[in-house]
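Visitor:
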Amino acid sequence: ASAVFTYNDPSPVDPGPIIPITSVPPGTVGDRVRISIPNQTEFLHLLEVQVFSESKPTWTLALNIDPSDGNRAGWGSAIWYGTSDVRSSENPLVSDFKDFTGAWLSEFDCLAIARHDGSAENHTGLKVWKMTNRQTFASYFNQNSFGDRLIATSGGPVFIQLSDGDTAESVNTDPILAYDPSDIAANNLAFNWRYGNNGVRVVLTDKGHHSGTLSAYATNDDDCH
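If you want our numbering, it's the 1-based position in the sequence shown plus 849.
1) Three or more C-beta pairs under 8 Å: does that hold for the region 983-995 against the region 1014-1031?
2) Applying the criterion that 16 or more other CB atoms from any shown protein chain within 10 Å of the CB defines a buried residue, is Tyr1044 buried or exposed?
3) Look at the Cβ atom of Lys947, then the Cβ atom of Ala1001, and state whether they are nearer than 9 Å.
4) Go ahead and pull the three-state DSSP assignment for Trp978.
5) Report the three-state DSSP secondary structure of Ala1017 (helix, strand or coil).
6) Return the first residue and the last residue of the beta strand (DSSP E) that Trp1042 is part of.
7) For the alpha helix (DSSP H) containing Ile1033, list its first residue and its last residue.
8) Where does the unbroken beta strand (DSSP E) through Phe986 begin, and where does it stop?
9) How many whole angstroms separate the CB atoms of Trp1042 and Arg998, which I take to be in contact at a CB cut-off of 8 Å?
10) Measuring only the C-alpha atoms, how far is Ala1039 from Val1052?
11) Closest to Asp1029 by CA distance: which of Gly996, Phe995 and Gly1005 is it?
12) Going straight from the alpha carbon of Val882 to that of Asp1055, what length do you get?
13) Would you check if the region 941-957 and the region 908-922 touch, i.e. whether three or more CB-CB distances between them fall below 8 Å?
14) Can you tell which of Cys959, Thr981 and Lys976 has its C-alpha closest to the C-alpha of His965?
15) Give me whichever residues DSSP pairs with Asn1047 in a beta bridge.
16) Rounded to a whole number of angstroms, what is the C-alpha to C-alpha distance between Gln1010 and Asp1032?
17) Check for me: the alpha helix (DSSP H) holding Ile1009 runs from which residue to which?
18) Report the option in Leu1026, Met980, Ile1025 and Asn920 whose CA atom is closest to the CA atom of Phe957.
19) Around the Cβ of Gly996, are there at least 16 other Cβ atoms within 10 angstroms (buried) or fewer (exposed)?
20) I need the straight-line Cα distance from Ile962 to Asp1023, nearest angstrom please.
21) In three-state terms, what does DSSP make of Ala963?
22) Report the residue from Phe1008, Ser926, Trp908 and Gly919 whose alpha carbon sits nearest the alpha carbon of Val1049.
23) Kindly provide the ranges of any alpha helix (DSSP H) runs that are 4 or more residues long and lie completely inside the region 914-939, ordered along the chain.
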């Protein structure tokens, strides 16, 4: 991990400009490292600081589902359990897309799901969850996972972003963005939720059913969305 700090240059007149310190030695969270800070006067301070954050994470697009591109991506679609890439990575947000050879086989510990209009710059809503276990998409979705009924996160999303003008009330029926602001911790992700003669691959544990509780295994109500 590395960090970039800033400090105010002390001055007899004003606090002075904020100056970046970019020569912090690498370390891991909790390590104590020594850095030198020139204060632009006659002194050179040597301070001891604590590394407090990891380097920025790398986000990788694993899957895009376009409900209007004419392709099947429902419960029984091979896009969930197949072992091949789907579509080209040159423009992955304009149709169904799956990066099997890359992201699908890589372990991850955070999952972001965005609603968008076909471009990364114009996403209209976003949530990020911390996964209960660090593993691969291929281990979550494969030919043996149809009946897993796995609750894959806990504690609710760690980040929620809605587009300008949207509120929790206005997205209340959105299959991914919906949440109860009074109980965000209940807003988790379930995978491969099979019930009755139906099922859903990804569903919110609280808002995925009108009752607030996902359908039992033998319940054939067709109400998990």
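By construction, the Cβ of each residue, glycine as well, lies at the ideal position given by its N, Cα and C atoms.
Guide: This is what the structure gives:
1) no
2) buried
3) no
4) strand
5) coil
6) Leu1038 to Tyr1044
7) For Ile1033, no alpha helix (DSSP H) encloses it, and the DSSP letter there is neither H nor E.
8) Note, Phe986: premise wrong, no beta strand (DSSP E); alpha helix (DSSP H) at Phe986 to Tyr989.
9) 5 Å
10) 5 Å
11) Gly1005
12) Note that Val882 scores a pLDDT of 42, beneath 50, so its modelled location is shaky; the value from the coordinates is reported in the next line. In a straight line, the C-alpha of Val882 is about 44 Å away from that of Asp1055.
13) yes
14) Lys976
15) Tyr1044
16) 16 Å
17) Looking at the DSSP string, Ile1009 is not in any alpha helix (DSSP H); the run it does join, the beta strand (DSSP E), is Phe1008 to Leu1011.
18) Met980
19) exposed
20) Taking the straight line joining both Cα atoms gives about 12 Å.
21) Correct three-state label for Ala963: strand.
22) Ser926
23) Taking only runs of at least 4 residues, the alpha helix (DSSP H) segments lying wholly in the region 914-939 are 927-930.
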